[in-house]
Ligand code: MSP
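Numbering (our numbering), first residue to last: 957 to 1616.
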């Protein structure tokens, strides 16, 4: 019997509630887990929340709550969300739990006993958004984080260091021996290049804040949040029997932004702690779910609530439709855009016309499962297509490629619909009842087989389909591989209960409203401030911004996103037919002056503005004011109408100087 399949998701930061982008990873893990269960494999699916670290401590302080209270609140939301998305994790780990703290401390002690920790001083740059250390070279000019575009902070403090440098060659040897350790291969090559470039020892403790797991034997220090977080994959397996049964992990599923932590630091920690011969089998880095071309993330204000989306799409099967579209449309491993138009199209074509229609074309001819005699070339062809599709889908799932697996299943549906066209059951019904039995028998078997193959992605649709076919539920067969190359055998005489169409036609007006409701908001910021389009494939931690306090205040982090600069007015003129508007050319320190349209004509004559210093909000998206007039920025002013007063620096300042 195959070893158990132990799959993990990253544990999610609690400065944000789940959105469709973060749900993507959990849904993918759930799909793979359900597939392995269908193959009769014992499975263990772990997810959870990453609750410590400076970022969380700050968010909690901004919201005026204790970090533990914030953690309790958001962790509960995560825990409650997954079942609503059809995800059935076996365990949910929180890093503030005692089992985790003890486990992380035990791992620390194992590494200490190996002589791989030493006390020193860390001096350098740290991005709180990433919870990661940076070298100057890795930052943008001015010391800004390439992902968050916020300034990295200077840190100088006593710190424990992990001898990561000692593991450079051991890691490279391990990579060499395990060519599947990181997937996709292109990302593995980047990991290798990073390690070949040389590894420095890693600072793994902090002393300047308290929200973390205390370092055993020296509780002035808390563990670096990534040391703490990565260990969850082991600390969750507390009971020795679980550890024995499920470790090492079969698959750590991660977003491409956090690959370095999983493919470099984690195996090095494990090697040091004595698990060198029991390292995780594979780390799969998937791409980003984008929306309107930008990474879906809270700081771009372009997130979609997955549960809300599912409910809007279909009252009972919406979750499955969303899971299907995410797995089918976003080629797994690559970035892909979420589009509601695509969901509507796939609902109509893939689900309605291909799957639903095949069922609707079969059931009218079947009250009970028929016994049937030998078939013709048509049936041979159909069974061949099934065989190819079933084996292709299994191979794709085995390689963690749900997108290809679904394509294979839909090739079977296309073949089956083509078969109905040619076999013409409506003719057989009139002319040859035994021939009708052959056709209906084959179609029922194919549909039952397909219900099984779609079950990992669409468990509720699979269950409804099976109920309509009179096929037994899928539970209760956990120890048996249910994925043969041949469609399941029929039990003649079995009643076919039938039922309402699975995917009723979408009213075009409803479809239109859905598309409008779930399309990108054109007023959302288009400049990523969190690495939304970052292409650094093994770049550090995931973007996330501090949360907005519930009382309507903005956080300092929110404020610092405003690009306010001193500008100098180079020219000014009235806008024809617009009494209130002036068109200005303003030097804000960039290579070209900006055109700014401003509603200040009642208060200022154009000539009074020449050479005047003003304050400009520079990072608003360009705004159109009629034909050919686009404003790239906004002047700050007090009051309105004829008494409006422009804000201006009260002593010498240069165009381009940052305000704030
Ligand atoms: N807490 C760390 C992970 C520690 S694991 C030991 C973290 N958390 S996160 O909440 O910021 O991100 C969790 C996962 O969600 C990451 O794999 C990240 O890539 C993924 N995603 C967040 N937004 C996403 C998209 N828009 N698209 C795809 N995945 C996304 O990093």
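Using N, Cα and C, we set each Cβ at its ideal position, and we do this for glycine too.
Checklist entry - Between which two residues does the beta strand (DSSP E) carrying residue 1281 extend? => result Note, residue 1281: premise wrong, no beta strand (DSSP E); alpha helix (DSSP H) at 1274 to 1285.
Checklist entry - Is there contact here, the stretch 1251 to 1268 with the stretch 1421 to 1433, by at least three beta-carbon pairs under 8 Å? => result no
Checklist entry - Taking buried to mean at least 16 other C-beta atoms within 10 Å of its own C-beta, is residue 1285 buried or exposed? => result buried
Checklist entry - So does residue 1575 have its beta carbon nearer than 7 Å to some heavy atom of the ligand MSP? => result no
Item to check | Check: residue 983 C-beta below 7 Å from any heavy atom of the ligand MSP | outcome: no
Checklist entry - Which term fits residue 1052, buried or exposed, when burial requires 16 or more other beta carbons within 10 angstroms of its beta carbon? => result buried
Item to check | Alpha carbon of residue 1009 to alpha carbon of residue 1045, nearest angstrom | outcome: 25 Å
Checklist entry - With respect to 7 Å, is the separation between the Cβ of residue 1253 and the closest non-hydrogen atom of the ligand MSP below this value? => result yes
Item to check | Extent of the continuous beta strand (DSSP E) to which residue 1407 belongs | outcome: No beta strand (DSSP E) holds residue 1407; the alpha helix (DSSP H) holding it covers 1389 to 1410.
Checklist entry - residue 1477: buried (16+ other C-beta within 10 angstroms of its C-beta) or exposed? => result exposed
Item to check | Own chain partners of residue 1581 with C-beta closer than 8 Å, once the 5 adjacent residues on each side are dropped | outcome: 1531, 1534, 1537, 1553, 1587
Checklist entry - Considering only the beta carbon of each residue, do residue 1006 and residue 967 sit closer than 8 Å? => result yes
Checklist entry - Would you say the beta carbon of residue 967 comes nearer than 7 Å to a heavy atom of the ligand MSP? => result yes
Next on the checklist: Which runs of the alpha helix (DSSP H) at least 4 residues long sit entirely within the stretch 1045 to 1104? Give them in chain order.
Outcome noted: 1054 to 1069
Checklist entry - With a cut-off of 8 Å, do at least 3 Cβ pairs link the stretch 1125 to 1142 to the stretch 1238 to 1257? => result yes
Checklist entry - Helix, strand or coil for residue 1109 per DSSP? => result strand
Next on the checklist: Mapping the DSSP letters down to three states, classify residue 1116 as helix, strand or coil.
Outcome noted: strand
Item to check | Contact the stretch 1513 to 1526 vs the stretch 1568 to 1575: 3+ CB pairs below 8 Å | outcome: yes
Item to check | Nearest-angstrom beta carbon gap, residue 1279 and residue 983 [assumed within contact, 8 Å] | outcome: 5 Å
Checklist entry - Which value, in whole angstroms, describes the spacing of the CA atoms of residue 1351 and residue 1577? => result 46 Å
Next on the checklist: Using DSSP's beta-bridge definition, name the partner residues of residue 1033.
Outcome noted: According to DSSP, residue 1033 bridges with nothing at all.
Checklist entry - Who are the near neighbours of residue 1543 in its chain, counting only those whose CB is closer than 7 Å to its CB and skipping five residues on each side? => result 1523, 1524, 1526, 1549, 1611
Checklist entry - Should residue 1006 be counted as a contact of the ligand MSP given a C-beta to heavy atom distance under 7 Å? => result yes
Checklist entry - Do residue 1430 and the ligand MSP come close, with the Cβ less than 7 Å from some heavy atom? => result no
Next on the checklist: So, at 7 Å on beta carbons, what are the nonlocal neighbours of residue 1096 in its own chain, with the 5 sequence-adjacent residues on each side left out?
Outcome noted: 1102
Checklist entry - Should residue 980 be counted as a contact of the ligand MG given a C-beta to heavy atom distance under 7 Å? => result By its list of ligands, the structure shown excludes the ligand MG, since it contains just the ligand MSP.
Checklist entry - Hey, is residue 1244 close to the ligand MSP, as in C-beta under 7 Å from one of its heavy atoms? => result yes
Item to check | residue 1026 versus residue 1087 - alpha carbon distance | outcome: 18 Å
Checklist entry - Beta carbon of residue 1277: closer than 7 Å to some heavy atom of the ligand MSP? => result no
Checklist entry - Just reading off the alpha helix (DSSP H) that residue 1560 is part of, what are its end residues? => result Looking at the DSSP string, residue 1560 is not in any alpha helix (DSSP H), and its letter there is neither H nor E.
Checklist entry - Given that a residue counts as buried once 16 or more other Cβ atoms are within 10 Å of its Cβ, and exposed if not, what is residue 1206? => result buried
Checklist entry - At a cut-off of 7 Å, is residue 977 close to the ligand MSP when judged by its beta-carbon and the heavy atoms of the ligand? => result yes
Item to check | Span of the beta strand (DSSP E), counted from its first residue to its last, around residue 1523 | outcome: 1520 to 1531
Item to check | residue 1539 classed as buried or exposed, judged by whether at least 16 other C-beta atoms fall within 10 angstroms | outcome: buried
Item to check | C-alpha distance - residue 1415 paired with residue 1042, whole-angstrom precision | outcome: 8 Å
Item to check | Among 1419, 1047, 1200, 1063, the one whose alpha carbon lies nearest that of residue 1172 | outcome: 1063
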